[in-house]
Amino acid sequence: MSDADELVFVPLGGLGEIGMNLALYGLGPRRRRKWLMVDCGLTFAEPERAGIEIILPDPQFAEKIKRDLVGLVITHGHEDHIGALADLWPGLECPVYATPFAAGLFTTRKAGEAVMSDLQIKVVTQGSRFRIDPFDVEFIPVAHSIPESCALAIRTSCGTILHSGDWKIDPDPGLGKPTDSKRLIEIGNEGVLALVCDSTNILRDGASPSEREVAQTLRDIVTAAPGRVVVTTFASNVARMRAVAEAASAAGRKVILVGRAMERVVAVARDCGYLEGIEDFLSLDSYSALARNEVVLLATGSQGERRAAMARISEDDHPIVRLAPGDTVVFSSRTIPGNEREVNRIVNNLVKQGAEVITDRTMPLVHASGHPRRGEVAKFYEWIRPQIAIPAHGEELHLEEHARFVALCGVAHVVKARDGDVVLLAPGAPGIIDEVPHGRLCKDGNALVGLDDEAVQTRQRLAFAGIVTIALAIDAKGEMAGVPDVVLAGLPAKTRAGLVLDEIVDAALFETFDALPRPQRRDANVVSSAIEKAVRAAVAAAWGKKPSVHVLVIEV
Ligand SMILES: [Zn+2]
Ligand SMILES: [Zn+2]
Numbered sequence: 020m021s022d023a024d025e026l027v028f029v030p031l032g033g034l035g036e037i038g039m040n041l042a043l044y045g046l047g048p049r050r051r052r053k054w055l056m057v058d059c060g061l062t063f064a065e066p067e068r069a070g071i072e073i074i075l076p077d078p079q080f081a082e083k084i085k086r087d088l089v090g091l092v093i094t095h096g097h098e099d100h101i102g103a104l105a106d107l108w109p110g111l112e113c114p115v116y117a118t119p120f121a122a123g124l125f126t127t128r129k130a131g132e133a134v135m136s137d138l139q140i141k142v143v144t145q146g147s148r149f150r151i152d153p154f155d156v157e158f159i160p161v162a163h164s165i166p167e168s169c170a171l172a173i174r175t176s177c178g179t180i181l182h183s184g185d186w187k188i189d190p191d192p193g194l195g196k197p198t199d200s201k202r203l204i205e206i207g208n209e210g211v212l213a214l215v216c217d218s219t220n221i222l223r224d225g226a227s228p229s230e231r232e233v234a235q236t237l238r239d240i241v242t243a244a245p246g247r248v249v250v251t252t253f254a255s256n257v258a259r260m261r262a263v264a265e266a267a268s269a270a271g272r273k274v275i276l277v278g279r280a281m282e283r284v285v286a287v288a289r290d291c292g293y294l295e296g297i298e299d300f301l302s303l304d305s306y307s308a309l310a311r312n313e314v315v316l317l318a319t320g321s322q323g324e325r326r327a328a329m330a331r332i333s334e335d336d337h338p339i340v341r342l343a344p345g346d347t348v349v350f351s352s353r354t355i356p357g358n359e360r361e362v363n364r365i366v367n368n369l370v371k372q373g374a375e376v377i378t379d380r381t382m383p384l385v386h387a388s389g390h391p392r393r394g395e396v397a398k399f400y401e402w403i404r405p406q407i408a409i410p411a412h413g414e415e416l417h418l419e420e421h422a423r424f425v426a427l428c429g430v431a432h433v434v435k436a437r438d439g440d441v442v443l444l445a446p447g448a449p450g451i452i453d454e455v456p457h458g459r460l461c462k463d464g465n466a467l468v469g470l471d472d473e474a475v476q477t478r479q480r481l482a483f484a485g486i487v488t489i490a491l492a493i494d495a496k497g498e499m500a501g502v503p504d505v506v507l508a509g510l511p512a513k514t515r516a517g518l519v520l521d522e523i524v525d526a527a528l529f530e531t532f533d534a535l536p537r538p539q540r541r542d543a544n545v546v547s548s549a550i551e552k553a554v555r556a557a558v559a560a561a562w563g564k565k566p567s568v569h570v571l572v573i574e575v
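Mind the numbering: the sequence shown is residues 20 to 575 in our numbering, read in order.
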């Protein structure tokens, strides 16, 4: 048995969260498997994780098998599928395959970073099929919210896997190829062992609206608007960008780009031919020369990102763009869970400035999701008719609901896999047979550290209660030399009862020192730990919070 070929699926990210997608397929006898990686994405950290914005899947297992890693295939250019590549590739060093748009976005984003000199992405076109031995990989076009999204048919000696990537069924996606249902049905007819499928919108009935309907809505809004129109959306949604440009042109308006991310995507989209027939966008230099009803601004920051254009415009902090009553702002986006507070702040500030703000809550068709709803998922299973279903790209709730749903669709085996599981697909009965190391890493500056990293935890503590730093000198007789230096950072000056924290610290410091027997006062470690403890306790008693206390004792 141990010498027979096996086919296994090992997700290291994306099964239990929406984000940091990273999956491995292994083929061969248990100890001599060859591996193919699909996607290498990041996710964003919760705001309470002080100073950490980016989270990556822990690559330990992938690094362990790197000698047998035959390639990494990127399904599309979204950050949750390619965003960890630059950081994790040096530990993998395998060939990377991506479509021109995904490769172009990666290259412009990472231009100048050291990793680029070694990492050359092999550019593949949608619809192509080739061998990455022992795997045979076909890139099937699917509609999504970024150009050139691909589902993958991975053919092996043990059977075919259909890895859906991110997709929807949109007969009129506005740009690029629609989902190639004909090809998917053909592959279904060849026989598919396992379908690993997107769960993002499994909780919603019916089908996602078409990008075409969104384009019509935007056109109506721009045509009717009396003043300036600002549209904010994901920078990588080129179909949406095109729809905004066409709406502007129909209303005799020019489009100005606001935000570097937009400019970068536009450059790549033009290179790939996705903005053909669209007049050149203007830069912000043209802003003051255009009348209010002659312009549409396309701005970054639809998720409330603090440094992006929308946040700055809403705070009247943008160097050039100022809005006025009668202007219209359209959030052509859905707020990702976790970003609601920041987005709401921006919306309220814009309303305060007198702008009319339109979101998908007030007008549903200003945005369409790039992921399949339940009705589309059902259709996909009809096309593919897999023996095994593995729900992916979802949080617990989505994965569980997807599993329940496809069981009703009549799929023989539904495997509820999570990050780190080793799922046997063939031969024999499918199921989870093992677990490998997995988890999350924080990107802290340019270092990659664990979630429980001491430095990150220290910063969380500092953010919560601040720090008291004390420097004092003691002489050989155990007397204090000179006046101690005390610095409070991140603490209020006074407590509610009017106690001055500076004075509380001073009092605790001198009382503790004076109470120490003379021989102990000569020991710097004893002095510092006694003062540290006493100061923390005194501040906690007065203020109700325990700051960090650092005491530096110098012997003179
Ligand atoms: Zn995704
Ligand atoms: Zn995506």
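Where a beta carbon is used, it is the ideal one built from N, C-alpha and C, also for glycine.
field: Cut-off 6 Å between Cβ atoms - residues of its own chain near residue 541, not counting five sequence neighbours on either side
entry: 497
message: Quick check: is any heavy atom of ligand 2 less than 6 Å from the C-beta of residue 299?
response: no
Reference residue 67; option with closest CA among 151, 479, 494 and 236: 479
query: Are the stretch 486–500 and the stretch 80–97 touching by the rule of at least three beta carbon pairs closer than 8 Å?
result: no
message: Do residue 358 and residue 323 count as a contact pair if the criterion is CB distance below 7 Å?
response: yes
message: Can you look up residue 20 in the DSSP assignment and give me helix, strand or coil?
response: Since pLDDT at residue 20 reaches only 47, below the 50 mark, its modelled position is unreliable, and the value read off the structure follows with that caveat. Looking at residue 20 - three-state DSSP - the assignment turns out to be coil, as it is neither helix nor strand.
query: Looking at residue 87 and residue 108, is the spacing between their C-beta atoms short of 7 Å?
result: no
query: By how many angstroms is the C-alpha of residue 112 removed from the C-alpha of residue 432?
result: 35 Å
- prompt: In whole angstroms, what separates the C-alpha of residue 38 from that of residue 527?
  reply: 49 Å
message: DSSP three-state label for residue 488, please.
response: strand
- request: Quick one: using the 10 Å Cβ neighbour count with 16 as the cut-off for buried, is residue 347 buried or exposed?
  value: buried
task: Would you check whether ligand 2 has a heavy atom nearer than 6 Å to the C-beta of residue 185?
output: yes
task: Consider the Cβ of residue 348: report whether some Cβ of chain D lies at a distance smaller than 7 Å.
output: In the structure shown, chain D does not exist; there is a single protein chain.
message: Can you tell me whether residue 457 sits near ligand 1, meaning its C-beta is under 6 Å from at least one heavy atom of the ligand?
response: no
task: State yes or no: is the C-beta of residue 97 nearer than 6 Å to some heavy atom of ligand 2?
output: yes
message: Using 7 Å as the threshold, is the C-beta distance between residue 60 and residue 99 below it?
response: yes
- request: Can you give me the Cβ contacts of residue 20 inside the same chain, cut-off strictly under 8 Å, excluding the 5 residues immediately before and after it?
  value: Residue confidence is low: residue 20 scores 47 on pLDDT, short of 50, so the model does not pin down where it sits. No coordinate-derived value is stated.
message: Going by the DSSP bridge assignment, what does residue 567 pair with across the sheet?
response: 486
message: In the DSSP assignment, the beta strand (DSSP E) including residue 149 goes from what residue to what residue?
response: 148–151
message: Rounding to the nearest angstrom, what Cα-Cα distance links residue 276 and residue 292 in this structure?
response: 18 Å
message: Excluding the 5 residues flanking residue 355 on each side, which residues of the same chain have their C-beta closer than 7 Å to its C-beta?
response: 322
query: Taking the Cβ atom as the reference point for each residue, do residue 365 and residue 329 lie within a distance shorter than 7 Å?
result: yes
query: Is the stretch 408–418 close to the stretch 432–450, with three or more CB pairs under 8 Å?
result: yes
task: Decide if residue 11 is buried, meaning its Cβ has at least 16 other Cβ atoms within 10 Å, or exposed.
output: Residue 11 lies beyond the range of the chain shown here (20 to 575); nothing can be said about it.
- prompt: Thinking just about the alpha-carbon of each residue, which of 505, 446, 514 and 461 is nearest to the one in residue 23?
  reply: 446
query: Under a Cβ-count criterion, where at least 16 other Cβ atoms within 10 Å of its own Cβ denotes burial, should residue 539 be classed as buried or exposed?
result: exposed
message: With a threshold of 8 Å on Cβ separation, who are the neighbours of residue 530 within its own chain once the five nearest residues in sequence on each side are excluded?
response: 553
- prompt: So what does DSSP say about residue 353, is it helix, strand or coil?
  reply: coil
task: Assign residue 104 to buried or exposed, taking buried as 16 or more other Cβ atoms, counted over all protein chains shown, within 10 Å of its Cβ.
output: buried
field: Exposed unless 16 or more other CB atoms sit within 10 angstroms - verdict on residue 149
entry: exposed
- prompt: Does the stretch 196–215 come close enough to the stretch 151–171 that 3 or more CB-CB pairs lie under 8 Å?
  reply: yes
message: According to DSSP, is residue 295 part of a helix, a strand, or is it coil?
response: coil
- prompt: Nearest-angstrom Cα distance between residue 255 and residue 278?
  reply: 12 Å
message: Do residue 318 and residue 251 count as a contact pair if the criterion is CB distance below 7 Å?
response: yes
task: Take residue 374 and list the residues in its own chain whose beta-carbon comes closer than 6 Å to its own, dropping the five residues that flank it on each side.
output: 342, 346 and 348
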